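Beneath this line is the structure, given in structure tokens, with notes to follow.
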Amino acid sequence: MTLVLRVLGTNHKGASLDDREQMAASAGTDDGFLGRAGAALGARECVALRTCNRIEIYYLASTTRQDEHSVEELFRDACGLSAPTSTDSVYCYSGEEAASHLFAVACGLDSMVLGEHEILGQVRSALGQAVRLGHAGPGLTDLFNHAVRVGRRARRETAISSGIFSVGQCAVRLARQALGDLKGSRLLVVGAGQIARVVAKHMAAMGLQCVTIFSRTTERAQELAATLGGRAITADELPQALLMSDIVVGCAAVPHHCIGAAQIRRATQERGGRPLVVVDMGVPRNVEPEVGQLAGVHLFDLDDLSAVVAENRDAREAEILRVKSIIAEEVIAYQDRETQAEARAVIAKLREKAEQLRQECLIHARRRQLPEDHLACFDYISDLLVRKLLHAPSRALREASCGDDSELLSAVRRLFDIEVEDTLPGGEENEDVTDAGRTGV
């Protein structure tokens with residue numbers, strides 16, 4: 124059965140923050156989400172790439188499965204969405220387009236922050252999680268590792284990530300809009316993942332008076348606080364931290380609000396009129412949206428970040444074109460390897476089938492009770508005959524794979540009734556995968 128690479132997803136460009144939050148909440152844990160998505164899509168392999176600005180499902184499936192449902196219905200089933208949601212922005216790419224899309228994601232072209240570095244860690248993490256849970260095999264492992272290499276090449280050979288507004292810089296810009304000079308301000312960061320580290324680092328560079336870290340994982344909070352000369356707090360200390368802080372940034376990967384409007388309201392009542400800036404970078408959101416209606420509170424979310432980063436995109440149009448050129452080259456290279464992998468698989472199956480038939484002939488010869496020297500001669504001659512017969516076809520198949528002659532490969536598969544289990548490349552060494560926070564952009 125021929126397997127086709129597909130990606131089904133939505134991102135910040137078309138889906139509202141409310142819709143992305145609903146999808147993230149419905150998706151649940153990675154294990155449950157991958158299992159449900161794989162079943163809904165009829166996937167042989169499946170990897171979910173979920174960040175605060177995207178939910179994407181990369182999968183290998185038969186060529187006929189997708190015709191059973193519309194794209195919107197497939198996506199709703201995969202995400203476990205029971206209530207209707209706006210899925211006009213759901214996209215679906217197959218084959219070359221799917222590989223090209225993943226490479227663009229890895230290069231940061233599809234991110235809210237153009238050229239961001241965090242997405243590479245998230246791509247590796249998505250693959251690593253799917254492999255650990257048994258949902259990703261050699262096909263998607265090879266694709267995602269190739270995507271990581273493309274992302275690294277783009278950043279090495281172009282200036283796509285040079286001078287960008289990182290998520291940390293965006294948070295600083297929003298805080299400055301409300302408070303002006305941040306020197307001497309007090310910061311509370313909720314979360315201790317990669318994005319929290321980036322934000323805290325940029326904020327601390329503004330000459331803050333103190334940095335406080337709150338996380339469900341005390342050890343990670345203490346580790347981050349130590350690198351910044353700040354302090355980690357527990358849940359019992361959170362109310363006092365909200366009272367004392369001037370800036371609160373939510374970066375935690377949690378399925379629900381971890382800071383409520385009632386908590387902020389109590390804190391503001393004792394602040395003496397001091398303004399409070401809250402930057403919520405989580406999906407689902409870390410902070411209840413009602414917080415934005417409180418007097419003296421300036422609430423910003425990911426949609427507000429998009430306005431900040433849009434300023435920087437036009438200035439790097441030339442770098443975008445250079446990255447797109449790299450992606451086009453790498454898609455061709457990936458397809459060539461895919462075709463060559465199929466050719467190797469077809470040749471191996473062809474030889475396997477020929478050897479099976481030769482062994483059946485040897486069994487018939489033994490049943491005739493031929494002398495051992497005659498059987499040895501028959502074994503030698505039949506083996507030599509098979510090798511000579513397959514030499515030219517094998518060479519032609521290898522040459523066809525280098526020239527992207529898929530018609531010859533298909534013809535051989537039909538003529539000799541050869542089924543290749545997985546026609547996508549695989550078997551390369553795995554990249555070191557690191558878990559990155561789901562709050563990346």
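Residue numbers (my numbering): 124 to 564.
C-beta: ideal position from N, C-alpha, C; glycine also.
These figures come from a predicted structure and were not determined experimentally.
- Following the DSSP letters along the chain, one finds residue 465 inside the alpha helix (DSSP H) bounded by residues 440-490.
- With respect to residue 290, residue 236 sits close: the two C-beta atoms are nearer than 8 Å.
- When rounded, the separation of the alpha-carbon atoms in residue 346 and residue 336 is 10 Å.
- Residue state for residue 198 is assigned as helix, using DSSP reduced to three classes.
- In this structure, residue 225 lies near residue 270, with their beta-carbon atoms less than 8 Å apart.
- Apart from the 5 residues on each side of it in sequence, residue 398 sits with its Cβ closer than 7 Å to the Cβ of 301, 302, 419, 421 in its chain, given in chain order.
- DSSP places residue 168 in no alpha helix (DSSP H) but in the uninterrupted beta strand (DSSP E) bounded by 166-174.
- Looking at the DSSP output, residue 309 sits in a beta bridge with 333.
- Per DSSP, the unbroken beta strand (DSSP E) holding residue 399 starts and ends at 399-403.
- Classified as buried, residue 520 has 16 or more neighbouring CB atoms from the shown chains inside 10 Å of its CB.
- A straight line joining the alpha-carbon of residue 501 with that of residue 485 spans about 8 Å.
- A Cβ-Cβ distance of about 5 Å is found for the pair residue 130 and residue 181, placing them in contact under the 8 Å criterion.
- In terms of CA proximity to residue 406, 175 leads the group 132, 134, 175.
- Residue 346: member of the alpha helix (DSSP H) spanning 341-351, first to last residue.
- Straight through space, the alpha carbons of residue 220 and residue 537 are spaced by roughly 27 Å.
- The beta carbon of residue 466 is closer than 7 Å to those of 520, 521, 523, 524, 532 in its chain, skipping five residues each way along the sequence.
- Boundaries cannot be given for residue 539, as no beta strand (DSSP E) includes it and DSSP labels it neither H nor E.
- When Cβ pairs closer than 8 Å are counted between the two stretches, the region 373-380 is seen to touch the region 306-322, the count reaching three or more.
- Put simply, the region 478-498 does not touch the region 445-452. Fewer than three CB pairs are less than 8 Å apart.
- Contact check for residue 294 and residue 372: beta-carbon distance about 6 Å, within the 8 Å limit, so the pair qualifies.
- Residue 268 has no beta-bridge partner at all, per DSSP.
- In the three-state reduction of the DSSP assignment, residue 431 falls in the helix class.
- CA-to-CA, the gap between residue 305 and residue 247 works out to about 35 Å.
- Residue 342 sits exposed, since fewer than 16 C-beta atoms from the chains shown fall within 10 Å of its C-beta.
- Distance check between residue 307 and each of 328, 297, 292, 324 places 328 closest, using alpha-carbon atoms only.
- Contact annotation, residue 417 with residue 387: C-beta distance approximately 6 Å; criterion of less than 8 Å satisfied.
- Beta-bridge partners of residue 370 (DSSP): 310, 400.
- According to DSSP, residue 495 shares a beta bridge with no other residue.
- If the five residues before and after residue 184 are omitted, its C-beta is found closer than 8 Å to the C-beta atoms of 126, 127, 129, 164, 165, 166, 167, all from its own chain and listed in chain order.
- Counting every other CB atom within 10 Å of its CB across the protein chains shown gives residue 157 a total of 16 or more, marking it as buried.
- The straight-line gap separating the alpha-carbon atoms of residue 362 and residue 426 is approximately 27 Å.
- CA-to-CA, the gap between residue 233 and residue 402 works out to about 22 Å.
- Per DSSP, residue 133 is one residue of the beta strand (DSSP E) stretching across 126-134.
- For residue 351, the closest alpha carbon among the candidates 469, 326, 285, 279 is that of 326.
- Cβ neighbours of residue 541 within its own chain (closer than 8 Å, five residues either side excluded): 469, 472, 473, 476, 535.
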